[in-house]
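Written below as structure tokens is the structure these notes are about.
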Amino acid sequence: MEESPFPAWSWSVDQCLKEYKVKLNKGLNACEVEKLQGHYGWNELKKEKGRPLWRLVLEQFDDTLVKILIVAALISFIVACLQDDDIFDLDLEDFVEPLVIVLILIVNAIMGVWQATTAEKALEALKEMQCESAKVLRNGYKVPHLPARELVPGDIVELRVGDKVPADMRIAVLRTSTVRLEQSSLTGEANPVSKHANAIPMDDCELQAKENMVFAGTTVVNGSCSCIVVATGMQTEIGKIQTQIHEASLEESDTPLKRRIDEFGSGLTTAIGLICLIVWVINYKYFLSWDVVDGWPTNFRFSFKECTYYFKIAVVLSIAAIPEGLPAVITTCLALGTRKMAQKNAIVRRLPSVETLGCTTVICSDKTGTLTTNQMSVTEFFTLGENSNSSRVFRVEGTTYDPNDGGIVGWNCCNMDANLQVMAQVCAICNDAGILCDGRLFRATGLPTEAALKVLVEKMGVPGNKLRTRIRGVLQVSKYLIDCSTVKLVSCNWWIKRSKRLATLEFDRVRKSMSVIVREATGCNRLLLKGAVENVLERTSHVQLEDGSLAPIDEACRQLILLRHWEMSSKGLRCLGIAYKDDLGEFSDYSNEFHSAHKKLLDPSNYASIESDLVFVGVVGMRDPPREEVLQAIDDCRAAGIMVMVLTGDNKLTAEATCREIELFPPGEDLMGKSFTGKEFMDLSHSDRFRILSQPGGKVFSRAEPRHKQEVVRMLKAMGEVVAMTGDGVNDAPALKLADIGIAMGITGTEVAKEASDMVLADDNFSTIVSAVGEGRAIYNNMKAFIRYMISSNVGEVMSIFLNSLLGTPICLIPVQLLWVNLVTDGPPATALGFNPPDSDIMQKPPRRNSDVLINSWVLFRYLVIGFYVGLATVGIFIIWYTQPSFLGINLVSDGHTLVEMSQLRNWGECSTWFDFDATPYTVAGGRVISFSDPCEYFTVGKVKAMTLSLSTLVAIEMFNSLNALSEDASILVVPPWKNSWILVAITMSFVLQCFILYVPFLQDVFSTVPLTVSEWVLVILFSLPVILIDEVLKWWGRRRWRAAKLKMV
């Protein structure tokens, strides 16, 4: 049952217990559990009912171009059945056209269904994040392994280090002084979050502010506590995310390319219908006639045979107009694009995303791990100098957990004074972190801040030349690795071995510090401490100078430290104060838990008094630094007209500091109206939100929850923007699913985010997105080139059939030949155009508009001119073979065929009425004789040689036309074929394939072809080459028009 849980974070623990009528030390009884289970149901994520397979299959045919292909296949099948009086005498060859088209449709449907079924895996990945069992108190007894699905609101659950949280729960009591949870995948916070049991007096607050709540799917990294379950199943935050993912999947829209193709398909349908109608109107006299008596038509005569013939012509026209090979070539080009992107660390999961990325207008990026390295590193630290009124600042280079990445500027281990030695000692020992390496990436184990401190110690090294030499030798042997993954921190280990750790005073929210008591080599105990600078200063009585001497802290010294601290904080650095204490009183000889003072360590309220009268050592500033490549990538986006927005779960100041550092905002720019928390943005009116998103320039949204990210993406899409959204956490999955292209992080990303995405970054790098956008633009330009090439080829085929019908000559190209051209010989050049190198200024141009069309009026005019020439050449060579003995010195009658008059050729259907007409058999290359029992068969069976010439001319023209398609406007002299050597390979392959159907006997029968002689091939080339010259003239005129328009605009 779905029921909104009460705001448990704003209620006291007693109020929450009272709500469920449960006691903290007893838990629910069996009767109460059964009642609550019946009311709330199981604690599991609901399995959304997926679309049935039959529906997915049908959806693949809901496409304009596919529908046209279906109609063409159906008509081809009917014509094949009608062309023979006895249907049982039909051969498989008669059904080649419909079978090929159906095969294309089946392959297309299989790919579409496969993509649709993989799209919903994000919901399954969410379920894997759920906990399997929990430690629960029921009937006064602990149940150590209760299946998590049996939890109900009101259950008392115990959490310890390493536990995965099984439901959304209100913390009732802390069992240790501090409890921290890793919830970055849910909220986007970079560091583990400290929790407490106090009520938060806000009925409506962000997830990050609910510090007394723990959420399903997150993990305990420190401490233990008892909690009250307040939400289970779909009512948990992770359940709400599943609902949002499902809703986002229902809002998925077509890619820009698909919209363009659908628009083209609609136009194509209209054009085919008109052309077929015109052909019937032109030739109606052949199958419909009548007598006129007294001005009125009578005695109507209808010839079914002639009507069927012209119906076949209409079918041939439709096949000529439809680019049957287009779906296959688009898929091939996109697949090739995925390979190119994979080489640039962008793994594409869904093919259409390749093209979508190229028209991206807005990138909504996460901060942590994408713009930044997601590896805390110390960038600066300071200590006091020769006296308490002077300080010295050290700059640290490096942005990762790799100890060899950078170093301390101007550092010399030999001069490591007493003050710096204590700094290194505290950072190394007051620390529980470690470093792992998986071969290419260094990771932290434990708290990221502590890992950063250990890396700092490795960069500081150890004092003295001898020690430093010895450690260098150890490093050469170990190569930094203890085993296959653990990094050997030699300098840290040296400090740790010198001091035995005796006790730990855990961090808590009140004192905001953590310390350890150690036994030094001298036998004395020392307290080493790190914590919030202000809190450490409050408990400081002395400061350590660079020579190791102590000086009482005065107001001037305190203000100096606070000033340095403010300077570091203003740079977005997270600062930790470092201190120590030698005079430990009763803990001076503390050794183990049997010591008399040990009982004070069991009560965290004593920690503040133990950590008093401290000696201040210095301040360490660290951050999650921006990636080095990001600044250039942001500049590239700006030049490419792409707006960048940052949506992060981190706090506002940190987010703004990072955005300034990566120069998303110009230096000193007022961020009023450009920086919002998620809640601030959602509290605005819809019109204000729309106005803010419409303004140019970068934006940053901090403390952003999943619903905030979704709303930003949804509004941007409504404004007509093409949105790329990046993310790595569970909280990012709904927005990733909703965006035009969702981009997940491959290294730090959760499986939920990856499954919801369209693309995965193998290196988690923002600059990879920008490179992929450039690659996407290049791929789109190449796709536009081959789409236009294929369409121009189809225009030429339509013109051929149209001229045939207009002149009344026999059809020079039959359906199976047109299919051969569209699917096979056009395929390799079209695919090769996908390898065109990108323009050098591709990322200096603005993104293409949604209103941009594949074919504008000028391009259409060009294709009509080229198409008219293609029709003229293919029909012309057909007519010349029948009517002329020679052409340009090439003997055409050497094969012995009969010449006819043009008037006879145009009225060939009346051949049976001609007096004394005869046609002699003729011989083709290879010795085959073309004979016919009836002289009139000369225009049907005997036209095989003329058809072969027309087919070969069409293929040759389209091969030369592919060279024109290398550039939309540039001359072939500027963009020669060898700039894309694949086009030359493709043309060669197409000619070889054409020779197969001309010279292989079996294929000759299938495609109605005969072999050609060398002189006939020369004739074909002569008819084909002018297409290059014609398009060169058109390109020149187009460039002239463009320059004139540009000058006029200026």
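Under this note's numbering, think of the first position of the sequence shown as 648, with each following residue one higher.
Note that CB positions come from ideal geometry on N, CA and C, so glycine has one too.
Is residue i helix, strand or coil when you go by DSSP?
{"i": "I1537", "result": "strand"}
{"i": "R1509", "result": "helix"}
{"i": "M1319", "result": "coil"}
{"i": "I734", "result": "Low per-residue confidence applies at I734: pLDDT is 45, beneath 50, and the placement is therefore not dependable, though the value from the model is reported in the following sentence. Three-state result, I734: helix."}
{"i": "R1156", "result": "coil"}
{"i": "Q1123", "result": "The predicted model places Q1123 with a pLDDT of 45, which falls under 50 and marks its position as unreliable, so this point remains unresolved."}
{"i": "C1459", "result": "coil"}
{"i": "A1409", "result": "coil"}
{"i": "Q889", "result": "helix"}
{"i": "S817", "result": "With the sequence shown as reference, residue 817 is identified as Arg, and Ser is not the correct amino acid for it. It is a strand residue."}
{"i": "F949", "result": "strand"}
{"i": "L664", "result": "helix"}
{"i": "F653", "result": "coil"}
{"i": "L935", "result": "strand"}
{"i": "P970", "result": "coil"}
{"i": "T1600", "result": "helix"}
{"i": "Q1022", "result": "coil"}
{"i": "K673", "result": "coil"}
{"i": "S780", "result": "strand"}
{"i": "L1128", "result": "A caution first: L1128 carries a pLDDT of 48, below 50, which makes its placement in the model too unreliable to give a value."}
{"i": "G1195", "result": "coil"}
{"i": "F1744", "result": "Residue numbering for the chain in the displayed model covers 648 to 1697; residue 1744 lies beyond these limits and cannot be assessed."}
{"i": "E767", "result": "Unreliable placement is indicated for E767, whose pLDDT of 48 sits below 50; no coordinate value is reported for it."}
{"i": "P944", "result": "strand"}
{"i": "L1694", "result": "helix"}
Would the beta-carbon of residue i fall within 8 Å of that of residue j?
{"i": "I1426", "j": "E1002", "result": "yes"}
{"i": "T865", "j": "L833", "result": "yes"}
{"i": "P1485", "j": "G1421", "result": "yes"}
{"i": "A1198", "j": "S1035", "result": "yes"}
{"i": "S873", "j": "R822", "result": "yes"}
{"i": "R1435", "j": "V1506", "result": "yes"}
{"i": "Y1516", "j": "S1439", "result": "no"}
{"i": "K1147", "j": "C1077", "result": "no"}
{"i": "V1277", "j": "S1418", "result": "no"}
{"i": "A1304", "j": "G1232", "result": "no"}
{"i": "E1185", "j": "G1032", "result": "no"}
{"i": "T1030", "j": "M1070", "result": "yes"}
Within 10 angstroms of its Cβ, does residue i collect 16 or more other Cβ (buried), or is it exposed?
{"i": "C1074", "result": "buried"}
{"i": "R1496", "result": "exposed"}
{"i": "G1573", "result": "exposed"}
{"i": "T1295", "result": "buried"}
{"i": "C678", "result": "exposed"}
{"i": "S1504", "result": "exposed"}
{"i": "E1316", "result": "exposed"}
{"i": "I628", "result": "The shown model of the chain, from 648 to 1697, leaves out residue 628, and the question about it has no answer."}
{"i": "L1694", "result": "exposed"}
{"i": "F1649", "result": "exposed"}
{"i": "R1687", "result": "exposed"}
If contacts are defined as beta-carbon pairs under 8 Å, then residue i and residue j qualify, I think. What distance do you get, rounded to the angstrom?
{"i": "N1298", "j": "R1350", "result": "7 Å"}
{"i": "V1347", "j": "T1472", "result": "Wrong, their Cβ atoms sit about 54 Å apart, outside the cutoff."}
{"i": "N1412", "j": "R1274", "result": "6 Å"}
{"i": "I929", "j": "V1445", "result": "With a Cβ gap of about 14 Å, I929 and V1445 do not count as contacting."}
{"i": "A1633", "j": "A1409", "result": "Actually they are not in contact, since the Cβ atoms of A1633 and A1409 sit about 31 Å apart, beyond 8 Å."}
{"i": "A1400", "j": "V1370", "result": "Not quite, the Cβ-Cβ distance comes to about 16 Å (not below 8 Å), so this is no contact."}
{"i": "S1550", "j": "C1583", "result": "With a Cβ gap of about 16 Å, S1550 and C1583 do not count as contacting."}
**Prompt:** Could you give the uninterrupted runs of the beta strand (DSSP E) lying entirely in the segment 1197-1282, keeping only those of 3 residues or more?
**Reply:** 1197-1199, 1221-1228 and 1261-1270
**Message:** Quick check on the DSSP output: what are the complete beta strand (DSSP E) runs of length 3 or more inside the segment 820-878, in order along the chain?
**Reply:** 826-829, 840-842, 866-869 and 872-878
**Item:** beta strand (DSSP E) runs contained entirely in the segment 1160-1188, provided each spans 3 or more residues
**Value:** 1160-1166 and 1172-1178
**Request:** Can you check the segment 1543-1589 for any beta strand (DSSP E) of at least 3 residues that lies completely inside it and give the ranges in chain order?
**Result:** none
**Request:** Report the residue ranges of all beta strand (DSSP E) runs contained in full by the segment 1341-1382; include only those spanning at least 3 residues, in chain order.
**Result:** 1346-1349 and 1370-1374
**Runs of beta strand (DSSP E) wholly within the segment 988-1050 (minimum 3 residues, chain order)** = 993-995, 1009-1012, 1024-1031 and 1038-1042
**Item:** Runs of alpha helix (DSSP H) wholly within the segment 1388-1437 (minimum 4 residues, chain order)
**Value:** 1398-1403
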